[in-house]
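For the sequence shown, the working numbering assigns the number 738 to the initial residue and increments by one for each residue that follows.
Let me begin by presenting the structure, written as structure tokens, before commenting on it.
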Amino acid sequence: MLANCVATQDVHRAYGGVVPEVASRAHQVNIIPVVDLALKKAGVVKEDLSAIAFTRGPGLLGSLLVGVSFAKGLALSLGIPMIEVNHMQGHVLAHFIEDPKPNFPFLCLTVSGGHTQIVVIKSPLEMEVIGTTIDDAAGEAFDKTGKLLGLEYPAGPIIDRLAKLGTPRFEFPEPNIPELNFSFSGLKTSILYFLKRELKKNPEFINEHLNDICASVQTRIVSVLMNKLKKASIQSGIKEIAVAGGVSANSELREQLIATGEELGWSTYVPKLEYCTDNAAMIAITAYYKYQKGEFVGQDIVPMSRYAL
Ligand SMILES: Nc1ncnc2c1ncn2[C@@H]1O[C@H](COP(=O)(O)OP(=O)(O)OP(=O)(O)O)[C@@H](O)[C@H]1O
Ligand SMILES: [Mg+2]
738 MLANCVATQD VHRAYGGVVP EVASRAHQVN IIPVVDLALK KAGVVKEDLS AIAFTRGPGL
798 LGSLLVGVSF AKGLALSLGI PMIEVNHMQG HVLAHFIEDP KPNFPFLCLT VSGGHTQIVV
858 IKSPLEMEVI GTTIDDAAGE AFDKTGKLLG LEYPAGPIID RLAKLGTPRF EFPEPNIPEL
918 NFSFSGLKTS ILYFLKRELK KNPEFINEHL NDICASVQTR IVSVLMNKLK KASIQSGIKE
978 IAVAGGVSAN SELREQLIAT GEELGWSTYV PKLEYCTDNA AMIAITAYYK YQKGEFVGQD
1038 IVPMSRYAL
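Here's what the structure looks like:
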């Protein structure tokens, strides 16, 4: 890995969430400088490249279009092939950027701003989703709770930090969802009603108990994730367990994963933080496996906002 450059769009913070139109405009502004920076950092010129990889989906169509169109132009001008990558496959294969790498087959809990999935990975390019959310993603559960609490977006890292200063003394119900699937919208509603009830009695309730509320919410989100992951491991008999996506930065999830792993004899894998959140290296490593198999696409390729693994 020669360079892994990230252009973060802080512009969304003021809106309390990602604004699609603003995101694609910022992509248009950023894409040439960030590619240029990556080439400089890597010490290569574009004529040295052997293929161009890009994210085809899932994601916001406007943002994907910027990337796909740029990749088409660059590949065409250099006369080299293009490789399309599924963003969620990238999150899983982030484990192969550096050692230690999981052994096949392994289970990956991918928890991000838009997804919550348990995936069985049989080989680099053979994976199957065995559990998914039927409504909100785990990251959304953190962010939407944060909004109710008046925290900035994205609230996940803030809740993580405040939870360390509190105790999880408020009980929120664990959703009863069949199989290996998840649901977080009920949790959000129960937090909303809990806050309304308590604020009626004491208008300062959030300010006075913020750390404990954060600890309670985080404990519930993490327990939901861990219970399903345990179930998936028992059902599949797989004890190589990985996590991916932005929420895997969560310190309680990391602690629980290690503790449960020791208890159940798992080998656990958590990538470095910079490979957990969205990054280009995870797209490149996926493309590396596809390149070896000659899986290229033509200029007729189109982005897909919904794109199943
Ligand atoms: N320490 C943390 N604890 C909890 N959540 C966190 C933490 N750090 C980041 N997050 C959450 O991770 C999410 C962002 O992750 P990521 O960048 O992987 O998502 P995304 O790329 O927007 O979504 P997707 O990959 O599904 O399209 C946000 O919801 C954020 O609140
Ligand atoms: Mg992502």
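Glycine included, every Cβ here is placed at the ideal spot set by N, Cα and C.
At least one heavy atom of ligand 2 sits closer than 7 Å to the Cβ of D1015. In terms of Cβ geometry, G983 and S849 form a close pair [threshold 8 Å]. Not one heavy atom of ligand 1 is found less than 7 Å from the C-beta of D1037. Annotation: M864 is outside any alpha helix (DSSP H); the continuous beta strand (DSSP E) that includes it extends over E863 to T869. Per DSSP, the unbroken alpha helix (DSSP H) holding T926 starts and ends at S922 to K938. Looking at the backbone, the Cα of L932 and that of F907 are separated by about 11 Å. The way I'd put it, the segment 921–935 doesn't touch the segment 974–992; fewer than three beta-carbon pairs between them come closer than 8 Å.
Residue range F942 to S973 is occupied by the alpha helix (DSSP H) that includes N948. For V1007, the CB stays at least 7 Å from every heavy atom of ligand 1. In the DSSP assignment, Q993 falls within the unbroken alpha helix (DSSP H) covering S988 to L1001. The beta carbon of L846 sits closer than 6 Å to those of I855, L966 and V980, all from its chain and outside the five residues before and after it, given in chain order.
The beta carbon of H832 sits no closer than 7 Å to any heavy atom of ligand 2.
With a threshold of 7 Å, the Cβ atom of F909 does not count as near ligand 1, since no heavy atom of the ligand is closer than that. Taking C-alpha positions only, R957 is separated from L990 by approximately 11 Å. Annotation for G876: the continuous alpha helix (DSSP H) segment containing it runs A875 to L885.
Per DSSP, G794 is one residue of the beta strand (DSSP E) stretching across I789 to G794. Considering only K1030, Q1029, G1031 and T1023, the residue with the shortest C-alpha distance to R793 is T1023.
Non-local C-beta neighbours of L801 in its own chain, meaning closer than 8 Å and more than five positions away in sequence, comprise T792, R793, G794, P1040, M1041 and S1042, ordered along the chain.
If only complete runs of 4 or more residues are kept, the segment 742–794 shows the alpha helix (DSSP H) at 757–779, in order along the chain. Check the Cα spacing between Y890 and each of H749, E1032 and I950: the tightest is with H749. In the DSSP assignment, K859 falls outside any alpha helix (DSSP H) and lies within the beta strand (DSSP E) extending over T853 to S860.
The C-alpha of T1014 lies about 29 Å from the C-alpha of E784.
Contact annotation: the segment 900–914 does not touch the segment 766–774, with fewer than three C-beta pairs closer than 8 Å.
Beta bridge pairing from DSSP links L815 with no other residue. The nearest non-hydrogen atom of ligand 2 is less than 7 Å from the C-beta of H828.
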